[in-house]
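Residue numbers (the working numbering): 737 to 1240.
Okay, structure first, notes after.
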């Protein structure tokens, strides 16, 4: 007797895509097998859909309100050098005492001029530059006299620059110097109203260096870096999501979840910092951007995976979404809670910049969890299977078969089949970064190595060190009781490497 197996495809199903074309008006997969039909309408289904819609609108509003604060957060950032030192450090305590002597808050910019053919009128030209800068309001205090080097080939001029506008002021100072010494800085010279550059008055090389010069070069090197890092992170996440889910819509929703979480985080942190409750700096700001986007994306991937799995066993999108949310709430809360606890431990550190990272990053993780557990599930439930278009998940009649399908199931099977080979290989792979351990500099990196590309401050520092005593650009300040002055001067004078001393 011959047996025949008859198969049929539901009229609204697309077997090439492995799933139904769409749900019915209630969001139920009409192509599901009879034994996989939904167990009945979800209680309060209409109210739930309204709640999900409200969550979507609320998060869109949060993103709209918090978005403009991307450009404003730097207004409340504090990049004081002392914030990057331990509060118990001797240098920190000394700086606090020094600040009592003067209300002026400035950073020294050092102009160094080198002319191996003879200084001739360069000293007068530098004095004119200092007067012009003072007239333009670019100096926070009086400039120093022009200081010649012992070898007669260089001059030094110390300019106090406001610490609040250091980078901008140094750039303006460099423009003035480029116009005063156009041969040395012809590429940077600014033409006058007639389009002409001043006639060369010297063949000297002139640089703006010192703490203010390095601050300006660093500011230029890191200009827009937060935006670039954020854009690169978002593009990388988008590409990964497209490859994994092969859907044009899903990556957009996940990325919006991350951006909305970041907008909400920045909005909250800006107001806390503006009120003086939190301290943030450029370093914390950059870490916050990447941390929130990364954490939100990680949590979102788990939510999406659970929702996709639920749709393969549950025809109703609302019931599938609630099941997915129930499945991810506990692991996301545990994961986020662990990260938050670890970040708050940073409050115990003595380093102000690191301590500031703890509560700021913890706020970012809390908001990331909220976005992944509210906005994303709401969006997935309202859109339903269409979010995975064109590869919509199909209701599977056998859950056992579901667990055996897919790339990750094959990877898991391969790991289970060869556990020893896998763990040995992973240990070797994880040990490879140890090769870089000899390159680790526990003592820190020299200021001159902060900028890898061109740096006028670094070049000027080299010239300064060649013609003047080392450290003349950044003198060491010693704070002591007035009664101990003579003893301290005598003791410091016996030290090697001290070129000169000034009592103030």
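All C-beta atoms in this analysis are idealised placements derived from N, C-alpha and C, irrespective of residue type, glycine included.
Residue environment: residue 1025 is assigned as buried (16 or more neighbouring CB atoms within 10 Å of its CB, all protein chains considered).
Using a Cβ-Cβ distance cut-off of 8 Å, the stretch 1111–1128 and the stretch 1048–1064 are in contact, since at least three pairs of beta carbons, one from each stretch, lie closer than that value. The distance from the Cβ of residue 889 to that of residue 852 is about 5 Å, consistent with a contact at the 8 Å cut-off. Within 10 angstroms of the beta-carbon of residue 953 lie 16 or more other beta-carbons, which makes it buried.
Non-local C-beta neighbours of residue 805 in its own chain, meaning closer than 6 Å and more than five positions away in sequence, comprise 1002, 1003, 1006, ordered along the chain. In the three-state scheme derived from DSSP, where H, G and I count as helix and E and B as strand, residue 883 is classed as strand. With a cutoff of 8 Å on beta-carbon distance, residue 1104 and residue 997 are scored as near each other.
Per DSSP, residue 1190 lies in no alpha helix (DSSP H) segment and is marked neither H nor E. If you keep only unbroken alpha helix (DSSP H) runs of at least 4 residues inside the stretch 1042–1089, you get 1053–1080.
The alpha-carbon separation between residue 1033 and residue 877 amounts to approximately 50 Å. Residue pairing of residue 1000 in beta bridges, as defined by DSSP: absent, with no partner found. By the 16-neighbour rule on beta-carbons within 10 angstroms, residue 836 is exposed. Just so you know, the alpha carbons of residue 829 and residue 1217 end up roughly 14 Å apart. One thing to note: residue 995 has its Cβ no nearer than 8 Å to the Cβ of residue 948.
Under the 10 Å beta carbon count, residue 946 is surrounded by 16 or more other beta carbons and is classified as buried. Non-local beta-carbon contacts of residue 1164 in its own chain, meaning distances under 7 Å to residues more than five positions away in sequence, are absent.
Residue 787 and residue 797 have their C-alpha atoms roughly 15 Å apart. Within its own chain, the residues whose Cβ lies closer than 7 Å to the Cβ of residue 833, once the five positions on either side in sequence are excluded, are 1215, listed in chain order. One Cα belongs to residue 1068, the other to residue 1046, and the distance between them is close to 17 Å. Counting other Cβ atoms within 10 Å of its Cβ, residue 1132 reaches 16 or more and is therefore classed as buried. In this structure, the straight-line span from the alpha carbon of residue 791 to that of residue 1112 is close to 9 Å. In the three-state reduction of the DSSP assignment, residue 826 falls in the helix class. In the DSSP assignment, residue 1220 forms no beta bridge with any residue. Out of 782, 903, 1049, 913, the CA that lies nearest to the CA of residue 861 is found in 913.
Contact annotation: residue 903 and residue 951 have beta-carbon atoms nearer than 8 Å. It is roughly 16 Å from the alpha-carbon of residue 1076 to the alpha-carbon of residue 1085. Counting other Cβ atoms within 10 Å of its Cβ, residue 850 reaches 16 or more and is therefore classed as buried. Counting only runs of 4+ residues, the alpha helix (DSSP H) found wholly inside the stretch 833–885 occupies 858–871, in chain order. Spanning the alpha carbons of residue 1059 and residue 1066 requires a straight line of approximately 12 Å. Residue 1082 and residue 1088 have their C-alpha atoms spaced approximately 10 Å apart. Closest option to residue 910, judged by alpha-carbon separation, among 887, 884, 866, 782: 866.
In the DSSP annotation of this structure, the continuous segment of the beta strand (DSSP E) that includes residue 896 starts and ends at 890–898. Using a 10 angstroms sphere on the CB of residue 1202, the tally of other CB atoms stays under 16, which defines it as exposed. Checking the DSSP bridge columns, you'll see residue 904 has no partner listed. Secondary structure of residue 1013 (DSSP, three-state): coil.
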